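Everything on this sheet refers to the single structure shown next.
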Amino acid sequence: MTIHQWLPLLVIASSLIPGSIIFFLGEQQIKLRTALNLAGAVVKILLVAFMLWGVSINQDYQVRYGLVEGLDFALHADALSLLFVSLAAVLWLLTTIYAIGYLEDSPHRRRFFGFFSLCVTATTGLALASNLLTFLIFYEMLTLTTYPLVIHRGTPESLRAGRLYLLFALTGGAILLLAVVWLQTLVGPVEFSATGSLAQTDPALYGSLRLIFAMLIVGFGVKAALVPLHVWLPQAMVAPAPVSALLHAVAVVKAGAFGIVRIVYDVYGAEFCRQLGVMIPLALVAAVTILYGSLRAVYQEDLKRRLAFSTISQVSYIVLGTAIAGPLATTGGIVHLVHQGVMKITLFFAAGNLAETLGVKKVDQMRGSGRRMPVTMAAFTIAALGMIGIPPTAGFVSKWYLGIGAAQADQWWVIGVLVASSVLNAIYFLPLIYAAWFASPPDAWPDERPRGWFETSPALLFPPLITAVLTLLLGVLAGLPISALDWAKLIVLQEYAP
Amino acid sequence: MTYPTLYAICGVVLFGIGFYGTVFCRHLIRKVMAVNLMGAGVFLVMIALAARTPSGAPDPIPHAMVLTGIVVAVSATALMLALIRRLHHQTGLTELPDQMEH
Amino acid sequence: MDAEWAMTGLIMVPLAAAIVVYVTATRFVAAWGVAVAMLQTGLTFSLTRSILQSGPVQVPLGGWEAPLGIPLYADGISALMLIMTTLVGVTSTCYAAAYFSSLQRDPRRSSSQPSIQTFWPLWLILWSALNALFLSADVFNLYVTLELITISAVALIGLAGKAQALVAAIRYLFAALMGSLFYLLGVALLYSTYGTVSWHLLAETVQPDVLTWCAASLMIIGLLLKTALFPLHFWLPAAHANAPAPVSGLLSGLVLKASFFVILRLWFYVFHPVMPASAGWMLSVLGSAAILWGSIQAIRQQRVKLMIAYSTVAQVGYLFLVFGLACEPMGMLAWRGAAYLAFAHASAKAAAFMVAGSLMYMVGSDHLDRWEGIGRREPKLIFTLALAGVSLMGLPPSAGFIAKWLLLNAAIGHGRWEVAAVIVLGGLLAAVYVFRIIGVSLSSAVPMPEVAPVPRMMRWAPLVLAMAVIVGGIVTTEPIRLLEIGAPPIAAREVAP
Amino acid sequence: MNQILLWTMLVVPLLLAAVVVTRADSPILARLIAWAAFPGVLLALVPPFQIEVPWLLLDSRLGVDAVGRVFLGVTAALWLAAGWYASAYLANDARRHVFQFFFLLTMAGNLGVTVAQDGASFLAFFTLMSLAAYGLIIHDHRAASTRAGRVYLMMTIGGEMLLFMGLVMAFHETGTLVFSDLSSKLALSPLRDVVLGLLLAGFGIKLGVMPLHGWLPMAHPAAPTPASAVLSGAMIKTGLLGCLRVLPLGMIALPTWSDICLVLGLLTCLLAALIGMTQRNPKAVLAYSSVSQMGLVTVCLGAALVKPQAWPVIGSALLVWVVHHGVAKAALFFGVGIAGTRMPSATARYLITAGLVLTALSLAGLPGTMGFAAKTALKYSTANLESWNEALAWLLPLTSVTTTLLVSRYLWLVWPGRHAGHGRLSPGMVIPWGGLSMTVVAGFFVMRWQTLVNPAWTTLAPSDLWIAVWPILIAVALAGTVILVARILPTNVTVMLAAFRIPEGDLVIPLIATIYRLRRRRYRVTAVQLPQRSRRLQQALEETVVPRLVQWLDRMTRSLENDLAAGLLLVLLAVAMLLISMT
Amino acid sequence: MTVALWILDGLFCGTLIWLAIQTLISTDLFKSVVMFIILGLLLALIWARLEAPDIALAEAAIGAGLTGALLLTAVAATSQPKHSESEEDPQ
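If you read the sequences in order, they're chains A, B, C, D and E. By the count of this note's numbering, the first sequence reaches residue 508 at its end, each step adding exactly one. By the count of this note's numbering, the second sequence reaches residue 95 at its end, each step adding exactly one. By the count of this note's numbering, the third sequence reaches residue 653 at its end, each step adding exactly one. By the count of this note's numbering, the fourth sequence reaches residue 732 at its end, each step adding exactly one. By the count of this note's numbering, the fifth sequence reaches residue 98 at its end, each step adding exactly one.
So this is what it looks like as C-alpha cells:
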C-alpha cells in the first residue's frame, strides 16, 4: 500500500487510536489524556491539510477492502469529503480544547474523551466513505458512539433523552439499512460517483428507486432532524455543552445532512433525481423543517433548546440547497454545511460558557450577560447574526447562494422560505442579543464561579472566539480561493461537469 | 405384514405413550419412566426394522446403535434422578412448579 | 500436522483431559483446562488451514470405513463451528478458571457455590462432544454427541445447586431428551429405508416418500426442541439464566449451535432435494415469530441474565430464517449469513453472559435495579456488553452486522419484505434491551455502588471475546471463503409461496 | 494611493471600534474617533476610480463614482462633524464607549455603502450600518428608546429581507451584482417590476417613504443628538443611493413606478409635515421633516422614471438635495442640542438663534441658501411631466408651505431662551454646528462654480425669488395666525387641542401593539397547550395502552411457555411439517 | 406355528402397551416402578424374539436392572417428606 492509500486510514486513525488508548488510561492520568487528545486532533488537521493539498493537485486518495462479495469497505477522499473532514478536524480540535476546560474536575472524563474521539472517528469515516455501505457502517458507529455522550451526565432526563435519541437514530439506521440492501439487490453495490450512478437504471425500476430514495431520506433525515423526525434533537440538549456543540455542528446532524447530499448527488445524481420527481418533495420537507424549527425556537425558554430548534431549522438549509438542485443552490447547501457548523458551534460554546460560568441556562437569565462576559457574548452575537444571514457573516453567503440557486431553478417560493426563516431567526436571536448587551444584569447570577483573569477559563473562552472570527472570515473572505465557498464551488463544478 | 412390522408399530405406540407421559405426568419420577418408555419405543422400532432384512439375518448395525442408545438412556436417567433427588432434598418438590419461575 | 490428527485430537484431547481430571482429582485442575484450551487452539488452527488449502477432509476413525466405522468429516462450516467453539471455549476456560479460583479463595461464597472438581470434567466432556458433533459424518453419531452434550450441559446447570437452577435443569433435560428421542426415531426410520447412517450416502439416495418425510419431520422437530425455536423455547430462558456464570455463555453460545448445526447439515446436505420449499418456509415463519417474541420478552425482563437468555430465543430465530431464504438466486447469501450469524451470536452472547456473570458476582444479583450506576464503577464490563450488543443488534462493524446484511440481502433479493422487516425490527428490539441495561448501568441517580472485587480475567475474557466479534465484522473474507468450502448445493427452485 | 485611502476609510473605524470595546479611555483615542471619518472626506476629493476585490464577499467592487462621490462627501463630512460634536456632547456620559463603539461601526457601514459598487458589499455595509445604528438609538435606555429601537430593528430586518430577495432576483435576472451592469440589464428583464418593487420597498424603508416611515420618527428623537444628526443627515440617504444604484434611470421610462413614486412622494411630503406639526419634541419634528423631505426626493425619482431623457438634470437635482438636506438637517439636529444649553451670553443667544432660523429657512427654500437651489432644482426636474403638470403646479408650492410651517414649529420648540437651558455650551458642539450652518449658505455659492449643478438653480432671478419666497411668507403668516388664535382662544380649548397628539411613529404604533398581542396569544397556544396535549397522549399511553399490552403479553407467556403447551405444539409442528412435506 | 407365534407376538405387544400405560397411570408410584421393571424384562424377551440376544442381555442388565434400581432408590428418597406440604401422591 502506498501513502495515498494509507492517508485516508491515517486520518481516521488519528482519532481512533487516541480514543481507544484513552479508554485504557486511568481516570486520573489527565495530562497524558489531554496530550493524546490534542496530539490526535493536531495530527488530524495536519493530515487533512496534506490531503487537501494533494487533492488540489489531483492526487487520488483511496483505499478499498473487501468484506464479503458485493460488500466493500472503501474510503476515498474527494472534494466533498474533504470539505466535511476539514470541518470535523478543525472543530474537533476546538471542541476538545473546550471540553477539557468545560469538564474540568467532573467525573468520567476518560469515558467522555474516549467516546468523543470515537465520535469524531465515525464522522471522519463517514466523510471519507466512498460507497453506501461504508457510509452506513460509520453512520451506525456514530449513533453508538454519541449515545454515551448524550447520557454522559447519567441523570434520569439525560437517560430519557438518550433513549429517545437511540429510538430515532436506530430506527432511522434500520430503515437506511433496508434501503441500502434493497438498492444493492437492484443495481449492485453502490459507489459514490461524482454525478450519480443510477442514471442508467431500467425505467421499470423507477418506482422502487423512488421508494428507496424516500427510505434513504428518512434514514438520514432522522439525524438531519427533518420534521417530523426531529423530536430527539431538542431532548438531547441535556448533554454537556461540548457534546451539543459537536452534535449540532459537526457530528450527528451534519452526518445526516451530508448523507442526503451524498444520496442526491453522488448516488442518484441530481439530474436523475429530477427525472424521478423526488426533488420537490424533498425540498418541501426541508422547507417545512426550516419554518417549523424556527417557529418552535421562538417559543423556547431554555437557551440550549432554542439553539436546538435553530439547528433543526438551519440544517435543513443544506437539505434545501441539495433538493433545489442546480449548481448555485448546491453550492449554497454545501457551503452551509461548513458555515452552519462554525456558527452553531460558536453558539453552543457561548451557551456552554454562560451555563458553566454564570449558571445561566434560561433565556430570561441572560440579561446583562454581555457585560459580565463580553467576549463570549460577542462571539454569540456574531454567530447569531450569521444565523439570521446578516452580511457579511458566513450565514449570508450560504443564504445568498441558496437564494440565487432557487431563482436559477425557478423555485421562487424557496426565497420566501429563506426570508421567512431569516425573520424568525431574527425574532428568536435578537432578543437574546438585546438582553445580553442592553439589559441590566441581575444583582447576582444564578451560579457564578470566579474565573480569575479572563471572564472564564481560557479553554472555554478561546474556542468560541476563534469560531466567531471564523464566522466572520468565512463570510468576508468568501471570495478567497481557499474559502469554504470556493471549495464548494469546486465540488459543484465536478458535480455538474458535462 | 410380518411380525417385525407388528413390533415396529408397537414401538411407535410405546413411543407415543411415553411422549404422552412425559408431557402430561406431573411427578418427576413418572416423567423419567415416561422418557424411558419413549426410548424403549424407539429401540423397539430400530430392532424390529433391523430384523426385517430379506436375508433373514438381522442387521447388526441397529443392534450396535440400540446398545449405545441404552447406555445413553441409562446415564441420562441417572442424571435425571440425581437432579430430582437433589431438588427434593432442597425443596421437597417432586413436581416441576407450574409457574415459570425465572 | 495432519488434518486427521487434528480432528482426532480435537475430540480426544478434552476427553482424555476430562478423564484425567476426574480420576486424579488434581488440585491444578484449572491448569489442565488452560492447557487443553491452548492445544485446541492449535488443532483448530491447523485443521482450518488444511481445509482452506485442500478442501473438505474425511477420516474413518479407527480405520474402518462407513457404514461400520465412525467416520469424521470436516468442511468449511464445521471448521467455522470449530473456530467458534475454540474461541468461546478458550475464553470461557480462562473465565471459569478465574471464577472458580476466586470462589475457592472467598470463604463466604465457596459453601454455596458449585465445586470446581465437577465443573472441569463436565466442561471438557462437553467440549469434546461439541467438537465430535461438528466433525460427525453420520446421523447416529450426531445423536450420540447430542446426548453427550445435553447430559453434560444439564449437569453443568445443575452445578449451580439452587432450586431454580435445578428446576431449570430438569426441565431442560426432559425437553432435550424428548428432542433426542424424536431425532433418534427419525434416524431409525431413515436407516430402515436407506440402510445407512452416513449423511453423505443418505444425500445421494434420499427419495421423496412418506417415510423419508416422516423421518425428516421427526428429526427436525426434535432438533427444534433442542434448539429452542419458538414456540418450543419454554425451557431455555430459565436454563440459561440460572446456570453458573461461566456456563451460561457456553449454553447459549455453543450448545444451542450444536443442534442448529445438525439441522443445517440435515436440511441442506440431506433433505434439501426432497423437502418442499414451504417446509423451509414454515421454519422461517417460526424463526420470525421467535425474533419478535424473544425480543419482546427480553425487553420485559427484570433480570439481566434472563434478558440475555430471551435474546438468545430471538437470535435463534434469525438462524432459522435461512430455511425459507435458501433458494436461488440469493440462497448462498442466506446460507452464509446464517452460518456466520451462528458464529457471531456465539461469541457475542457468551461475552454478554460472561459480563453478566462478572457483574452478578460483584453485586450479588442480576436484577436490573441492583445494577444502577454499575457502569460508572465497571466501565470496561459495560463497554464489553455494549460491544456484544452491537453484534446482537446487527450494527456495524461486527460479525452480527455482516451476517444480518447477508440475510437481509437474501430476503430483499427474494422480495421477502416481511422477513426483511422482521430482521430489521429484531435489531431495533435488541437495541431496546441492550440499551436498557447500558442506560441503567450508566445512571448517576444513585451513589456509585460498592462492589466486591472480581478477578482481572473476568473482565478481560469477555472483552477479548467481544473484540473478536468486532474483528469478525472487519476480517470477513477468510471466514466467508471458509464457508464456500463444501458448501451445500442450494438447489435452483422457486421461492416458497 | 486612492486605494490606500479607501481601505483606511473602511478599516480605521472598525479598528477603533475594536479598541473602544476594551474600554480604553484616552484623550488620543477620543481625538482619533472624532477624526475617524476624515479619510472619507479626502476620498471624496479624489477622481473617480473603481477596484475589484475578488476575495471580499462575493467578488466585490469598491470605488468612487460621480454619484457616490457626492454621497461620500456629505456623509463623511457629517460624520466628521458628528464625531466632533459627540465628543463634546457625551463628554460626561459614563457609557461613552458604548456609544463610540456603535458610532464607529455605523460610520464604517455608512461610508462603506457609498463606495460599494456591487450588491453584496452594498448590502453588507448597509446592514452593518443599520444594525449598529440600533445601538445608537437605544443608547439612553429610556422606555421610548427601547421601543423605538425595537420598531427600528423590525423594520430594518424586514428591509434587509426585501433587499435580499430583490438582489437575489436581480442577480438571477442579470447575472451580475455590479451595479453599473445590474441596473442596465435589469431594465430589460421580464421580472423587472418584481425586482424593483422589492428593492424600492427595501430602500424605501431606509428612506422613510410613507407608509414605510414608521421607524424614523421614533428612532431619530430617541437617539442622542449627534446620532440623530447622522441618522437623518447621512444614513437615510443610503436608501436614496440604493435606489440610484439599481433603478435603470435615464434608460427607460417606467410610468407605473413613476406614478407610484410621485403619489407616495407627495403624500409623504404633505402628511409627514402635517403630522410633524403636532409633535412637541423638536427632534421628532425634525424627523418628520426628514420624512417629508424624502418625499420630495421620491418625487424627483418619480420624475426621472417617467422622463428618462431628463435624468442628467434630475440626477444632479437629487445630488443637490442630498447635500442640502444632509447639511441642513444635521445642523438642525445639532441645533437642538445647542439650543437646549445654558447660553453664556445674549450675543451667543442671538447668534445661535440666527443660525437656527437661517438653517430652518434653508430647508424651506430661502433664497441664498442651498435649500433654494434644491427647491429650484426640484421645480426644474418636475417640469413638463405631462399628466402631472397641473397637480404639481399647486402641490409643490403647497409642500413649501407645509415645510415652512414645520420648520416654524421646530423653531418655536427650540427657540433659545424660551426654556431654562441646562449644560454648558461647549465649543466642541458649537464649531461643528456653526460650520454646517455656514455651509448652508456657503454651499449655495460654491454650487455656482460646480459644473454638476445647473447654473439656473443658483441664479437669483427675481421671478424665482418670488416663487421661492411667497410660500414662506404664506406659511409665516399662517404660523402667526395660529399663534394669535391660540392666544385668543380660551385656555380649555387650547388644552384640548394640545391634548390631540399623534404619537411619534403614527401608523406603526397600533400595528406593533397588534403584533404583540397576537404573539402573546400564539405563545399561550404553542408554549402551554402543546405540552399539555402531548402529556395527555402520554398519559393515555401509559395508563391504558401499555398496561393492556403487558396484560396480553403476560397471558400469552403463561399459555405458551409451559410444558403442556410445548408438548402439544411439538406434536402439532411435527404433523404440520409432515403435512407440508406431503402436499 | 405361525399362528401361535402371531398370538405370542400379539400377547407381547398387548402386554407391553398395557404395562406402559399402567406405569404411567398407576396411582401408587412404587407400583409404577415395579410395572416399569416388568416392562423392561418383557422388552428383553422381545429383543430375544427379534433375534437380538445381545440387546436382550443388555436390556435385562441395564434397562430393567440398573434403571429399576435407580428408580426404586429415587422413589424411596423422594417419598420421605421434607417439608410439610410436599405430599407424595400425584393424583
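By construction, the Cβ of each residue, glycine as well, lies at the ideal position given by its N, Cα and C atoms. Treat the numbers as computed from the prediction; the structure is a model and nothing was measured.
Buried or exposed by the 16-neighbour rule on C-beta atoms within 10 Å, applied to C:F416: Numbered from its first residue, the third sequence carries residue 416 of chain C at position 260. C:F416 comes out buried.
Residue span of the beta strand (DSSP E) that contains C:P227, given as start and end: Here residue 227 of chain C corresponds to residue number 71 of the third sequence, with the count starting at 1. That run of the beta strand (DSSP E) goes 226 to 230.
Collapsed DSSP secondary structure at D:A186 in the structure displayed: Here the question's residue 186 of chain D lines up with position 37 in the fourth sequence. Note: D:A186 maps to coil in three-state DSSP.
Among C:P618, C:D522, C:L477, nearest to C:G582 - alpha-carbon criterion: For the purposes of this step, residue 582 of chain C is taken as the residue at position 426 of the third sequence. Checking every option, the nearest Cα to that of C:G582 belongs to C:L477.
Simplified DSSP assignment, three categories, for C:V430: For the purposes of this step, residue 430 of chain C is taken as residue 274 along the third sequence, with counting starting at 1. The answer is coil: DSSP assigns C:V430 none of H, G, I, E or B.
Nearest candidate by alpha-carbon position, reference B:P90, set C:N297, C:A254, C:A319, C:E360: Here residue 90 of chain B is taken as the residue at index 97 of the second sequence, counted from 1. Comparing Cα-Cα distances from B:P90 to each of C:N297, C:A254, C:A319, C:E360, the minimum goes to C:A319.
Min CB distance C:A652 to chain B below 8 Å: Locating residue 652 of chain C in the third sequence gives position 496, counting from the first residue. Caution is warranted here: a pLDDT of 43 is assigned to C:A652, below 50, making its placement in the model unreliable, and the coordinate value is therefore given only provisionally. Not an interface residue.
Three-state secondary structure (DSSP) of A:P18: Position 8 of the first sequence holds residue 18 of chain A. In the structure shown, A:P18 sits in a helix (DSSP, three-state: H, G or I).
Within the stretch 338 to 382 of chain A, ranges of the alpha helix (DSSP H) (whole runs, at least 4 residues): 379 to 382
Cutoff 8 Å: E:F43 Cβ touching any chain B Cβ: Your numbering for residue 43 of chain E matches position 36 in the fifth sequence. Yes, contact with chain B.
Helix, strand or coil at D:N711 [DSSP, three-state]: Stepping through the fourth sequence from its first residue, residue 711 of chain D is reached at position 562. Three-state DSSP puts D:N711 in coil, outside helix and strand.
Closest Cα partner of C:S655 within the set C:K382, C:L312, C:L410, C:G189: Because chain C in this structure spans residues 157 to 653, residue 655 of chain C falls outside the shown range and cannot be described.
C-alpha gap between D:L361 and D:V170, whole angstroms: By 1-based counting over the fourth sequence, the position of residue 361 of chain D is 212. By 1-based counting over the fourth sequence, the position of residue 170 of chain D is 21. For D:L361 and D:V170, the distance between alpha carbons rounds to 34 Å.
Coil, strand or helix - A:L77 by DSSP: Here residue 77 of chain A is taken as the residue at index 67 of the first sequence, counted from 1. Residue state, collapsed to three classes: strand.
Segment contact flag, the stretch 242 to 253 of chain C with the stretch 380 to 392 of chain C, C-beta cutoff 8 Å, min 3 pairs: no
DSSP state of E:E94 mapped onto helix, strand, coil: What you label residue 94 of chain E is simply residue 87 of the fifth sequence in a count that begins at 1. Caution applies to E:E94, whose pLDDT of 44 falls short of 50 and renders its modelled position unreliable; the model cannot decide the point.
Coil, strand or helix - E:Q29 by DSSP: Position 22 of the fifth sequence, counted from the first residue, corresponds to residue 29 of chain E. Reduced to three states, the DSSP call for E:Q29 is helix.
Where C:A293 meets chain B, residues with beta-carbon distance less than 7 Å: Here the question's residue 293 of chain C lines up with position 137 in the third sequence. Within 7 Å Cβ-Cβ: nothing; C:A293 doesn't reach chain B, min ~15 Å.
Contacts of B:V79 in chain C (Cβ-Cβ under 8 Å): What you label residue 79 of chain B is simply residue 86 of the second sequence in a count that begins at 1. One point to set straight first is that residue 79 of chain B is Arg, not Val, in the sequence displayed. By Cβ distance, chain C contributes G314, G317, L322.
Residue range of the unbroken alpha helix (DSSP H) whose run includes D:F220: Walking along the fourth sequence from the start, residue 220 of chain D turns up at place 71. Element bounds for D:F220: 215 to 238.
Beta-carbon proximity of C:E303 to C:S336, cut-off 8 Å: Position 147 of the third sequence holds residue 303 of chain C. Position 180 of the third sequence holds residue 336 of chain C. Yes, the pair counts as a contact, with Cβ atoms nearer than the cut-off.
Secondary structure of B:H20, DSSP reduced to three states: Here residue 20 of chain B corresponds to residue number 27 of the second sequence, with the count starting at 1. Three-state DSSP puts B:H20 in a strand.
Spatial distance of C:L171 from C:I281 (CA atoms): Here the question's residue 171 of chain C lines up with position 15 in the third sequence. Here the question's residue 281 of chain C lines up with position 125 in the third sequence. Answer to the nearest angstrom: the Cα atoms are 5 Å apart.
N- and C-terminal bounds of the beta strand (DSSP E) containing D:I200: Position 51 of the fourth sequence, counted from the first residue, corresponds to residue 200 of chain D. Note, D:I200: beta strand (DSSP E), 198 to 202.
Proximal chain C residues relative to A:V232, where beta-carbon distance stays under 8 Å: The sequence position of residue 232 of chain A within the first sequence is 222, counting from 1. Within chain C, no residue comes near A:V232; the closest Cβ sits about 12 Å away, beyond 8 Å.
Whether A:M151 touches C:P552 by CB criterion (8 Å): In the first sequence, counting from the first residue as 1, residue 151 of chain A sits at position 141. In the third sequence, counting from the first residue as 1, residue 552 of chain C sits at position 396. Contact: yes.
8 Å Cβ cutoff, C:P605 in contact with chain A: Locating residue 605 of chain C in the third sequence gives position 449, where the first residue counts as 1. Chain A, which has no Cβ nearer than 8 Å to the Cβ of C:P605, makes this no.
Alpha-carbon to alpha-carbon, C:S521 and C:L407: For the purposes of this step, residue 407 of chain C is identified with residue 251 of the third sequence, where counting begins at 1. For the purposes of this step, residue 521 of chain C is identified with residue 365 of the third sequence, where counting begins at 1. Using only the alpha carbons, I get a separation of about 20 Å.
Proximity of A:A259 and A:L101 at Cβ, strictly below 8 Å: Indexing the first sequence from 1 puts residue 259 of chain A at position 249. Indexing the first sequence from 1 puts residue 101 of chain A at position 91. It is a contact, given that the beta carbons lie within the stated cut-off.
Unbroken stretches of the beta strand (DSSP E), 3 residues or longer, contained in the stretch 444 to 479 of chain A: none
Residue(s) in a DSSP beta bridge with A:Y71: As a working note, residue 71 of chain A is residue 61 in the first sequence. In the DSSP output, where bridge partners are listed per residue, A:Y71 has A:A87.
Any non-hydrogen atom of the ligand ZN within 7 Å of C:P400 CB: Although the ligand ZN was asked about, the structure shown includes no ligands whatsoever.
E:V82 at chain B interface by Cβ criterion, 8 Å: As a first step, residue 82 of chain E must be located in the fifth sequence, where it is residue number 75. E:V82 counts as touching chain B.
Chain-ordered neighbours of C:L412 on chain B, where CB pairs are closer than 7 Å: On the third sequence, position 256 is the one that residue 412 of chain C refers to. Per Cβ cutoff of 7 Å: no residues; C:L412 is ~18 Å from chain B at best.
Neighbour flag for E:W54 against chain B, beta carbons, 8 Å: Indexing the fifth sequence from 1 puts residue 54 of chain E at position 47. Chain B, which has a Cβ nearer than 8 Å to the Cβ of E:W54, makes this yes.
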